[in-house]
Ligand SMILES: Nc1nc2c(ncn2[C@@H]2O[C@H](COP(=O)(O)OP(=O)(O)OP(=O)(O)O)[C@@H](O)[C@H]2O)c(=O)[nH]1
Ligand SMILES: [Mg+2]
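In the numbering used here, the protein residues as written are 2 to 429.
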């Protein structure tokens, strides 16, 4: 059965199975390689200078929006992503090699949230948008870098820094031109299957569709638009009833809404009542959805009761109204695209400041938190007096000693910085 009017050629996206639109992901950037302690050995030189090379930087983990990735399925069962470590430095000033960055491809429209607070960190809207999800550890400096007039033979080097590791939450908000919304069982999936190559499940009971289906409609003049068949909405959806928020989320970014009302009066709601339920849910979820251009259409016209309805009517078996509805949608989509403010990908970059903060543990010991402070004591050999001297100098420069004093540290207190602990003495 072909719809009358323009023939509709179509292709489908692979949303049919395994659509996953939320997941947690663990990202681990590569560790930096350690710096090397080494001294030149040459036949004619009795005591060569330091020539330990630096460790290589680790790789970072990046999220990259990719239009060829359809869902977050890949992360559901395999949530760990790890970038390469840098390698260690070695003698003769040979530096370690850099770990390669890892690019993790996510669907367009992926929102990245803090795992605990659900604060939004990034919104990867367009193909190619990138966000650094885990920052690489820096390589440690080799002992050659610690040569000074006073320190002719540095016997220590820096350790590599740990790459950042964290859990993030990903939520996909589909990027479609048209979202089809309606109560359950009104013919949404049937509609998309008639006008595109999408093959959603269709059945005569509510909540047949449990995940959004995308279909691409190609008009005769070459105009293309992406339709999303959204699972049925019911009263209370905006408060989580039925399939609730999860699917309202996918309506959020649609340029145009196709509101389908069942002319065969599903569950005793006439078209007007259906419309008011739907608008109420959309508005309670996001008031701006009520401003979104919409086309209101009566479905199942062939078996319509005597319900009065003035708008466009469609019937899947007869093809009635399909091309008119597509024409109306295409016009609104075209207009919306023309006026669209290019959606910006918002990314919120974490300040990787060198701020140092001090906290106190229950056992009375102190803990110094901050990347630079941890780095200052990450030396290969802290039993070496020169190394200790260097670390102490760095901690003073960073204001750590002052901050400890202000916090009320006393002689004999234990102070932790990263993996390193020492006993505080005032003349430090
Ligand atoms: N007679 C007639 N039946 C239709 C028409 N469109 C859909 N149907 C039937 O209505 C029932 C529901 O159709 P679906 O397309 O699954 O409805 P839906 O809105 O996607 O339902 P949910 O996914 O459960 O929200 C199926 O039995 C379809 O065959 C139509 O135009 N005319
Ligand atoms: Mg359906």
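Ideal placement from N, C-alpha and C gives every residue a C-beta, glycine not left out.
The structure presented is a predicted model; accordingly, all values stated were derived computationally and were not measured.
Check: residue i C-beta below 6 Å from any heavy atom of ligand 1
| i | result |
| --- | --- |
| residue 303 | yes |
| residue 219 | no |
| residue 190 | yes |
| residue 231 | no |
| residue 316 | yes |
| residue 207 | yes |
| residue 1 | The structure shown has nothing for residue 1, since the chain only spans 2 to 429. |
| residue 214 | no |
| residue 186 | yes |
Residue i - DSSP class collapsed to helix/strand/coil
| i | result |
| --- | --- |
| residue 170 | strand |
| residue 101 | coil |
| residue 230 | strand |
| residue 359 | strand |
| residue 312 | coil |
| residue 340 | helix |
| residue 401 | helix |
| residue 417 | strand |
| residue 410 | coil |
| residue 370 | strand |
| residue 394 | helix |
| residue 123 | strand |
| residue 328 | helix |
| residue 334 | helix |
| residue 375 | helix |
| residue 380 | strand |
| residue 422 | strand |
| residue 388 | helix |
| residue 427 | coil |
| residue 21 | coil |
Anticipated Cβ contact below 8 Å, residue i with residue j, distance rounded
| i | j | result |
| --- | --- | --- |
| residue 290 | residue 252 | 6 Å |
| residue 99 | residue 54 | Not a contact, Cβ separation roughly 13 Å. |
| residue 56 | residue 97 | 4 Å |
| residue 199 | residue 211 | The pair is not a contact, with the Cβ atoms about 15 Å apart (cut-off 8 Å). |
| residue 208 | residue 183 | About 12 Å; that fails the 8 Å criterion. |
| residue 171 | residue 73 | 6 Å |
| residue 160 | residue 380 | 7 Å |
| residue 239 | residue 285 | 4 Å |
| residue 333 | residue 260 | Incorrect: roughly 12 Å between the Cβ atoms, too far for contact. |
| residue 37 | residue 87 | With a Cβ gap of about 13 Å, residue 37 and residue 87 do not count as contacting. |
| residue 164 | residue 31 | 5 Å |
| residue 181 | residue 235 | Going by Cβ atoms, the distance from residue 181 to residue 235 rounds to 15 Å, so no, they are not a contact pair. |
| residue 132 | residue 104 | Residue 132 to residue 104, Cβ: 11 Å. No contact. |
Residue i CB to nearest heavy atom of ligand 2 below 6 Å
| i | result |
| --- | --- |
| residue 210 | yes |
Cutoff 7 Å: residue i Cβ touching any chain C Cβ
| i | result |
| --- | --- |
| residue 168 | Judged by its chain identifiers, the structure shown contains no chain C, having just a single protein chain. |
- Scan the segment 239-304 and note each continuous beta strand (DSSP E) run of 3 residues or more that stays entirely inside, going in chain order. As far as the segment 239-304 is concerned, its whole beta strand (DSSP E) runs of at least 3 residues are 257-263, 295-300.
- Jot down the residue ranges of each uninterrupted beta strand (DSSP E) in the segment 129-197, minimum 3 residues, whole runs only, in chain order. Those beta strand (DSSP E) runs which fall completely within the segment 129-197 and span 3+ residues are 131-135, 166-173, 179-183.
- Task: Quick one: which unbroken alpha helix (DSSP H) runs of 4-plus residues sit fully inside the segment 43-99? Chain order, please.
- Result: Qualifying alpha helix (DSSP H) stretches, in chain order: 74-78.
- Message: What ranges does the beta strand (DSSP E) occupy inside the segment 201-228, keeping only unbroken runs of at least 3 residues that lie completely in it?
- Response: Within the segment 201-228, the complete beta strand (DSSP E) segments of 3 residues or longer fall at 214-219, listed in chain order.
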